[in-house]
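Structure first, then comments.
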Amino acid sequence: MHAAVLWLIFALVLAGAEALTGHMFLVMLGGGALAAAITSWLTDWPGWADGIVFLVVSVLLLVLVRPALRRQLTPAHVPQMGIEALEGKNALVLERIARDGGQVKLDGEVWTARPLNDGDVYEPGESVTVLQIDGATAVVFKSGP
Numbered sequence: 012m013h014a015a016v017l018w019l020i021f022a023l024v025l026a027g028a029e030a031l032t033g034h035m036f037l038v039m040l041g042g043g044a045l046a047a048a049i050t051s052w053l054t055d056w057p058g059w060a061d062g063i064v065f066l067v068v069s070v071l072l073l074v075l076v077r078p079a080l081r082r083q084l085t086p087a088h089v090p091q092m093g094i095e096a097l098e099g100k101n102a103l104v105l106e107r108i109a110r111d112g113g114q115v116k117l118d119g120e121v122w123t124a125r126p127l128n129d130g131d132v133y134e135p136g137e138s139v140t141v142l143q144i145d146g147a148t149a150v151v152f153k154s155g156p
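Just so it is clear: in the sequence shown, position 101 is 112 by the numbering used here, and no numbers are missing.
In structure tokens, the structure reads:
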């Protein structure tokens with residue numbers, strides 16, 4: 012079997028494996044293998060020269076093409092979902108919040124809450140900011156003067 016066919020099979024295997032990962036790494040190696048296949052088919056160079064072509068083209072693709080391609084294919088801003096989306100939002104105190112707990116209305120839902128600092132107390136009607144969600148409890152702090 013001619014070396015060009017082997018390089019072509021290698022390129023196709025790498026491209027197929029890339030379909031499973033999506034990291035744009037294996038497809039760059041596949042491009043190097045394709046370049047080696049073309050070189051092997053068009054020239055009469057020894058096998059090690061095809062390997063050098065594979066190495067050089069793969070490195071160039073990884074360094075020059077992959078970063079730009081990943082920037083184009085990766086969304087600029089992925090919206091937060093789940094509890095991460097609640098962090099940093101304002102909440103309305105429904106039930107007095109002290110060290111032993113309380114309740115806030117956060118994003119239209121009632122959540123149990125506790126203050127960030129054990130000594131803080133928030134009364135109903137006050138506005139607080141959610142620092143984080145700890146289990147099913149919002150950890151809050153005073154969001155202004």
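Ideal Cβ positions, reconstructed from N, Cα and C, are used throughout, including at glycine.
Small disclaimer: the values here were computed from a predicted structure and weren't measured.
- For F152, the enclosing beta strand (DSSP E) has its first and last residue at T148 to K153.
- Assignment of P78 by DSSP, reduced to helix, strand and coil, places it in the helix class.
- A contact is defined here as three or more CB-CB pairs under 8 Å, and the stretch 113-129 meets this definition with respect to the stretch 147-154.
- For D145, the enclosing beta strand (DSSP E) starts and ends at S138 to D145.
- Of all C-beta pairs linking the stretch 23-41 to the stretch 60-75, three or more are shorter than 8 Å, placing the two stretches in contact.
- Around the beta-carbon of L53, fewer than 16 other beta-carbon atoms lie within 10 Å, marking it exposed.
- Out of E95, G99 and Y133, the CA that lies nearest to the CA of R107 is found in Y133.
- E95 and D61 have their C-alpha atoms some 50 Å from each other.
- For V139, the closest of K100, E29 and T85 by C-alpha to C-alpha distance is K100.
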